[in-house]
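Worksheet: the structure to be examined is printed underneath.
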Amino acid sequence: MSPPARTNTVRLVFLGAAGVGKSALIHRFLHDSFERKYTRTVDELHVLEYAVTGSGGKVRLEILDTSGSYSFPAMRELCIRHSDAFALVYAVDDPGSLAEVQRLRDEILQLRGGKGAPIVVVGSKADLSELEGRVLPAADVMATVEDQWDADFVEASARTGGNAVGVFRALLQRVKSTERLSPAVWRRRGRQCTTSVTKRPPLKKNSSCILS
Numbered sequence: 000m001s002p003p004a005r006t007n008t009v010r011l012v013f014l015g016a017a018g019v020g021k022s023a024l025i026h027r028f029l030h031d032s033f034e035r036k037y038t039r040t041v042d043e044l045h046v047l048e049y050a051v052t053g054s055g056g057k058v059r060l061e062i063l064d065t066s067g068s069y070s071f072p073a074m075r076e077l078c079i080r081h082s083d084a085f086a087l088v089y090a091v092d093d094p095g096s097l098a099e100v101q102r103l104r105d106e107i108l109q110l111r112g113g114k115g116a117p118i119v120v121v122g123s124k125a126d127l128s129e130l131e132g133r134v135l136p137a138a139d140v141m142a143t144v145e146d147q148w149d150a151d152f153v154e155a156s157a158r159t160g161g162n163a164v165g166v167f168r169a170l171l172q173r174v175k176s177t178e179r180l181s182p183a184v185w186r187r188r189g190r191q192c193t194t195s196v197t198k199r200p201p202l203k204k205n206s207s208c209i210l211s
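Next up, the structure:
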């Protein structure tokens with residue numbers, strides 16, 4: 000009788016101000032579609048399992064989509080202390096959301112006791128031009144993120160799908176998990192993947208890219 004397949008768990012957490020597109024990016028990655036109607040998020044945990052290339056084992060990928068209101072500070076603190084990588088999401092048409100990303104980064108580093116944290120800063124709504132409201136140039140934000148914050152930088156668009164997969168690739172590279180996953184993870188909806196969603200879950204335990 001063969002031993003059961005070993006399952007490793009990787010938790011990715013999406014943080015950022017309300018309305019920046021965290022849920023939309025996750026939805027695009029999971030379902031390759033875009034919801035135009037904005038719905039305020041209550042913390043949701045998406046759970047996927049992928050086969051590990053060449054080993055017969057599995058990776059349990061947990062994607063925690065957080066509310067921008069941060070109504071439960073104790074839960075957020077547990078989340079920050081015990082997760083594997085963080086996507087700090089801002090919108091390219093909202094300078095205040097970038098200031099919130101900086102605040103979140105400082106909070107993460109403080110709670111993790113100076114140990115550092117795998118962080119990817121994500122510029123959402125990357126399809127917007129200056130005429131359509133973009134006010135945060137990618138090059139300026141990238142310089143700050145890479146040179147001063149020692150984090151990775153990615154721009155992506157949930158509306159067009161541009162580079163949405165790249166967000167997750169950058170996160171998994173930060174925790175050195177990319178090589179363990181089968182190609183199904185990058186196809187988003189491969190047959191090797193099963194998903195479930197839990198609202199308000201119990202909390203447990205540099206590859207930059209710009210979309211032009």
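If you read the sequence shown in numbering that gives the first Met the number 0, its first letter stands for residue 0, the second for the next number, and so on. Cβ atoms here follow ideal geometry from the backbone N, Cα and C, with glycine treated the same way.
CA-to-CA distance, residue j to residue i, given in whole angstroms
i, j, result
"ASN162", "ALA155", "5 Å"
"PRO92", "ALA125", "Note that residue 92 is Asp in the sequence shown, not Pro. So the two alpha carbons sit approximately 9 Å from each other."
"GLY112", "GLY56", "33 Å"
"GLY189", "LEU11", "Residue placement at GLY189 cannot be trusted, given a pLDDT of 35 that sits under 50; what the coordinates show is reported in the next sentence. Taking the straight line joining both Cα atoms gives about 20 Å."
"LEU127", "ASP42", "27 Å"
"VAL164", "ALA73", "30 Å"
"MET141", "PRO94", "14 Å"
"LEU108", "TRP148", "11 Å"
"ARG133", "ASP139", "13 Å"
"LEU130", "LYS175", "38 Å"
"GLU106", "ALA137", "24 Å"
"PHE223", "HIS30", "Residue 223 falls outside the range modelled here, since the chain spans only 0 to 211, and no answer is possible."
"LEU44", "ASN7", "17 Å"
"ARG102", "GLY15", "10 Å"
Assigned exposure category for residue i - 16 Cβ within 10 Å defines buried
i, result
"ARG173", "buried"
"LYS21", "buried"
"PRO117", "buried"
"GLU99", "buried"
"SER32", "exposed"
"GLY115", "exposed"
Residue i versus the options, residue with shortest Cα-Cα distance
i, options, result
"ILE79", "VAL140, ASP64 and VAL144", "ASP64"
"ALA157", "LEU14, GLU129 and ARG35", "ARG35"
"THR143", "LEU171, ARG104 and THR159", "ARG104"
"SER66", "GLN101, ALA17 and ARG102", "ALA17"
Contact set for residue i: own chain, Cβ-Cβ below 8 Å, skip 5 residues either direction
i, result
"VAL166", "LEU24, PHE28, ALA86, VAL119, VAL121, VAL153 and ALA155"
"GLU76", "LEU110"
"HIS26", "SER32, PHE33, GLU34 and ALA157"
Contacting residues, own chain, Cβ-Cβ under 6 Å from residue i (five flanking each side not counted)
i, result
"VAL19", "VAL88, TYR89, ALA90, SER96 and SER123"
"ASP83", "VAL9, ARG10 and VAL174"
"THR215", "Examination of residue 215 is not possible in this model, given that the chain is present from 0 through 211 alone."
Open item on the list: My parser needs the alpha helix (DSSP H) runs of 4 or more residues fully inside the region 102-134; what are they?
Closed with: Taking 4 residues as the minimum length, the region 102-134 contains no alpha helix (DSSP H) run wholly inside it.
Task: Segments assigned alpha helix (DSSP H), at least 4 residues, entirely inside the region 136-166 - done: The qualifying runs are 137-146.
Task: Contiguous beta strand (DSSP E) assignments of at least 3 residues, all confined to the region 22-100 - done: The qualifying runs are 43-50, 57-64 and 84-90.
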